[in-house]
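Q: Before I ask anything, here is the structure I am working with.
2 protein chains.
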Amino acid sequence: MQEIERLIQLLARLPGLGPRSARRAALHLIKKPDTLMEPLARAIGDAAAAIRTCSSCGSIDTTDPCSICTNPERDKSQLCIVEEVADLWAIERTGSFPGCYHVLGGRLSALDGIGPEDLNIASLVARVSAEGIKEVILATNLTVDGQTTAHYITERLEPTGVDVTRLAHGVPVGGELDYLDDGTLTAALRARRSL
Amino acid sequence: MQEIERLIQLLARLPGLGPRSARRAALHLIKKPDTLMEPLARAIGDAAAAIRTCSSCGSIDTTDPCSICTNPERDKSQLCIVEEVADLWAIERTGSFPGCYHVLGGRLSALDGIGPEDLNIASLVARVSAEGIKEVILATNLTVDGQTTAHYITERLEPTGVDVTRLAHGVPVGGELDYLDDGTLTAALRARRSL
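Line by line, the protein sequences give chains A and B. Heads up: the first sequence runs through residues 1 to 195, numbered per the numbering used here. Heads up: the second sequence runs through residues 1 to 195, numbered per the numbering used here.
Below, the structure is given as C-alpha cells:
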C-alpha cells in the first residue's frame with residue numbers, strides 16, 4: 001500500500017484537496033487506470049518538460065518569450081501588472097485586454113518576509129525604461145499586501161514618468177448591494193461617476 | 001499552452017476539483033516542478049504499475065490476494081460487505097474490525113442501470129458457501145440504493161444459512177439531536193437499548 005499512501009500524500013498537497021478528498025481522488029484514479037491515471041501521469045510529465053517561464057514577462061508558456069510577448073497584435077505600450085499567472089489567465093479569459101503583462105510572482109508581505117527583491121520588480125522597472133511603455137495598469141489584488149505592492153511599484157516607477165493606472169474598484173456586475181462588504185460599497189460611492 | 005490545458009482538463013476530472021480549482025492545482029504544480037510535479041507524476045505511474053485488485057475480496061493492494069485476505073491474524077469467519085474500497089479504508093481506520101472484507105464495487109441502481117451481475121455478488125455467494133464464513137456484516141451505505149443492495153444480498157445469502165447482520169443505525173457519537181435528520185432520529189428511537 002506504500003505506493004497508494006505516497007500518491008495520497010502528494011495529491012493532498014494540491015490546493016483544494018485535503019487528506020480526505022486526496023484519498024477519494026486516489027481511488028478515483030485507481031479505478032480508471034487507462035482513461036485517467038496513465039494519461040494524468042503523462043500529462044504532468046509532459047507539462048513539466050514543456051513549460052518555460054517567460055524571461056520577459058514572467059508568465060509561463062511552452063515557449064520563451066511567451067506567446068503573448070511575441071504576439072505582434074498585442075499592444076506593447078500597455079503593461080498590466082499582476083501578482084500571479086492565475087491572475088493573468090483570469091484577465092485573458094475576459095478577452096478585453098489588448099496589451100502585455102508583467103507577472104510579479106507574488107506580493108510584498110512583511111509577515112511572510114517577502115521583499116521587493118523576491119518579486120520581478122527590478123525587471124519591471126527595466127522594461128518600462130527600455131521598451132517604450134506608455135501605461136502601466138496595476139492589477140494586484142485588493143488585499144492589504146496587494147495594495148502595498150501596488151503603492152511600492154508606483155513609487156519605483158515615478159522616475160520613469162510612465163502613466164500608472166489601477167483597476168476600477170466598485171460594485172461587481174450582478175452584485176447586490178445588500179450582500180456587499182462595506183469596503184467595496186465605500187469605494188464604489190467614492191468613485192461614483194456622473195451619468 | 002496545449003500541455004497545460006490538457007493537464008487542467010485531466011485534473012478537473014478528479015472528484016473534488018472543478019475547472020477553477022484544477023487551474024489552481026495545475027499552477028501550483030508548475031510552481032514546484034522538482035518538489036511536487038515530478039514526484040506526483042512518478043507516484044501516479046508507480047501506483048498504476050503496482051496496484052492489483054484482490055481476486056478474493058475485490059479490494060486494491062500491491063499484492064493479490066491483498067494484505068488483509070492473507071493476514072493470518074484476521075478472522076476469516078467474519079465478512080464485512082462494503083460498496084467501495086473507500087468504505088473499507090474507513091472501517092480499517094477505526095481499527096475495530098478484526099474480520100475480512102468483500103468489496104461489491106458499487107451498489108444496485110435501477111437509475112444507473114447497475115444490476116447484480118455488475119457487482120461482486122456472485123463471488124460473495126461463492127465465498128460464503130466455500131470458505132466457512134459464519135457472519136456477513138452488511139456495511140452498505142444508508143442510501144436507498146445501498147439499502148436495496150443490502151436487501152438483495154440478504155436474499156441471495158439466505159440459502160447458505162450464514163448469519164447476516166448490519167451496522168447499527170442511530171445518533172452519531174458527538175451528534176446533537178437538534179441537528180439530526182428525522183430519519184436517523186426515528187431509527188435511533190426504534191433501535192433504543194436498555195441501560
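Note that the Cβ used here is the ideal one computed from N, Cα and C, for glycine as well.
(1) For Cys69(B), which residues in the same chain have their Cβ closer than 7 Å to its Cβ, ignoring the five residues on either side in sequence?
(2) Name the two residues that bound the continuous beta strand (DSSP E) containing Arg166(B).
(3) Using a Cβ distance threshold of 8 Å, determine whether the segment 17-29 of chain B contacts the segment 72-86 of chain A, with at least three qualifying pairs required.
(4) Of all the options Leu189(A), Gln9(A) and Gly146(A), which has the alpha carbon lying nearest to the alpha carbon of Leu108(A)?
(5) For the beta strand (DSSP E) that contains Gly113(A), what are its first and last residues?
(6) Less than 7 Å between CB atoms is the rule here; does Arg52(A) satisfy it with respect to chain B?
(7) With Lys76(A) as the anchor, note down where its beta strand (DSSP E) starts and where it stops.
(8) Step through the CB atoms of chain B and report whether any lies within less than 7 Å of the CB of His28(A).
(9) If I'm right that Arg74(A) touches Pro98(A) with Cβ under 8 Å, what's the distance once you round it to whole angstroms?
(10) Have a look at Glu176(A), Ile81(A), Thr94(A) and Leu111(A) and flag the residue whose alpha-carbon is nearest the alpha-carbon of Gly133(A).
(11) Look at the alpha carbon of Pro72(A) and the alpha carbon of Asp64(A), and state the distance between them as a whole number of angstroms.
(12) For chain C, is any of its Cβ atoms less than 7 Å away from the one on Val85(B)?
(13) Is there a Cβ of chain A sitting closer than 7 Å to that of Ala41(B), yes or no?
(14) Is there at least one Cβ from chain A nearer than 7 Å to Glu5(B)'s Cβ?
(15) So what's Thr53(A) in DSSP terms, helix, strand or just coil?
(16) Are there 16 or more other CB atoms within 10 angstroms of the CB of Leu177(A), so buried, or fewer, so exposed?
(17) Report yes or no: is there a C-beta of chain A within less than 7 Å of the C-beta of Glu38(B)?
(18) Name the two residues that bound the continuous beta strand (DSSP E) containing Glu135(B).
(19) Please confirm if Ile137(A) has its CB atom under 7 Å from at least one CB of chain B.
(20) Could you give the DSSP three-state label for Gly99(A): helix, strand or coil?
(21) Would you say Leu88(B) lies against chain A (beta-carbon separation less than 7 Å)?
(22) Alpha helix (DSSP H) containing Asp145(B): first to last residue?
(23) By the 10 Å Cβ neighbour count, where 16 or more other Cβ atoms means buried, how is Ala130(A) classified, buried or exposed?
(24) Output needed for Ser67(B): all residues of its chain with C-beta closer than 8 Å, excluding positions within five of it in sequence on either side, in chain order.
(25) Are the CB atoms of Val128(B) and Thr149(B) nearer to each other than 7 Å?
A: From the atom records:
(1) Here residue 69(B) is taken as the residue at index 69 of the second sequence, counted from 1. Counting only Cβ-Cβ distances below 7 Å, and skipping sequence neighbours, we find Cys54, Ser56, Cys57 and Cys100.
(2) One-based indexing of the second sequence puts residue 166(B) at position 166. Where Arg166(B) is concerned, the enclosing beta strand (DSSP E) stretches over Asp163 to Arg166.
(3) yes
(4) Your numbering for residue 108(A) matches position 108 in the first sequence. The residue among Leu189(A), Gln9(A) and Gly146(A) with its C-alpha nearest the C-alpha of Leu108(A) is Gly146(A).
(5) Taking the first residue of the first sequence as 1, we reach residue 113(A) at position 113. It is not in any beta strand (DSSP E) - Gly113(A) carries neither H nor E in the DSSP assignment.
(6) As a first step, residue 52(A) is located in the first sequence; it is residue number 52 there, counting from the start. Cβ-Cβ to chain B under 7 Å: no for Arg52(A).
(7) One-based indexing of the first sequence puts residue 76(A) at position 76. Looking at the DSSP string, the run of the beta strand (DSSP E) that includes Lys76(A) is Asp75 to Val82.
(8) By 1-based counting over the first sequence, the position of residue 28(A) is 28. At least one chain B Cβ lies under 7 Å of His28(A).
(9) Taking the first residue of the first sequence as 1, we reach residue 74(A) at position 74. Taking the first residue of the first sequence as 1, we reach residue 98(A) at position 98. With a Cβ gap of about 6 Å, Arg74(A) and Pro98(A) count as contacting.
(10) To locate residue 133(A), count along the first sequence from 1; it is residue 133. Inspection of the sequence shows that residue 133(A) is occupied by Ile rather than by Gly. Measuring from the Cα of Ile133(A), the nearest candidate turns out to be Ile81(A).
(11) Locating residue 72(A) in the first sequence gives position 72, counting from the first residue. Locating residue 64(A) in the first sequence gives position 64, counting from the first residue. Cα-Cα distance, rounded: 15 Å.
(12) The structure shown has no chain C; the protein chains it does contain are A and B.
(13) Start at 1 with the first residue of the second sequence, and residue 41(B) comes out as number 41. Taking Cβ atoms only, chain A reaches closer than 7 Å to Ala41(B), which makes this a yes.
(14) Translated into positions along the second sequence, residue 5(B) becomes position 5. False, the Cβ-Cβ gap to chain A never drops below 7 Å.
(15) For this step, residue 53(A) is matched to residue 53 along the first sequence. Correct three-state label for Thr53(A): strand.
(16) For the purposes of this step, residue 177(A) is taken as the residue at position 177 of the first sequence. Exposed is the call here.
(17) Taking the first residue of the second sequence as 1, we reach residue 38(B) at position 38. Glu38(B) counts as touching chain A.
(18) Looking up residue 135(B) in the second sequence gives position 135. Element bounds for Glu135(B): Glu135 to Leu138.
(19) Along the first sequence, read from residue 1 onward, the residue named residue 137(A) stands at position 137. Taking Cβ atoms only, chain B never reaches closer than 7 Å to Ile137(A), which makes this a no.
(20) If you number the first sequence from 1, residue 99(A) lands on position 99. Strand, per DSSP.
(21) Within the second sequence, the letter at position 88 stands for residue 88(B). No, because no Cβ of chain A sits closer than 7 Å to the Cβ of Leu88(B).
(22) Taking the first residue of the second sequence as 1, we reach residue 145(B) at position 145. Here the alpha helix (DSSP H) through Asp145(B) covers Val144 to Leu157.
(23) By one-based count along the first sequence, residue 130(A) stands at place 130. By the neighbour-count rule (16 or more Cβ atoms within 10 Å), Ala130(A) is not buried but exposed.
(24) Working through the second sequence from its first residue, we reach residue 67(B) at position 67. Answer for Ser67(B): Asp61, listed in chain order.
(25) Residue mapping note: residue 128(B) aligns to position 128 of the second sequence, counting from 1. Residue mapping note: residue 149(B) aligns to position 149 of the second sequence, counting from 1. No, the Cβ-Cβ distance between Val128(B) and Thr149(B) is not below 7 Å.
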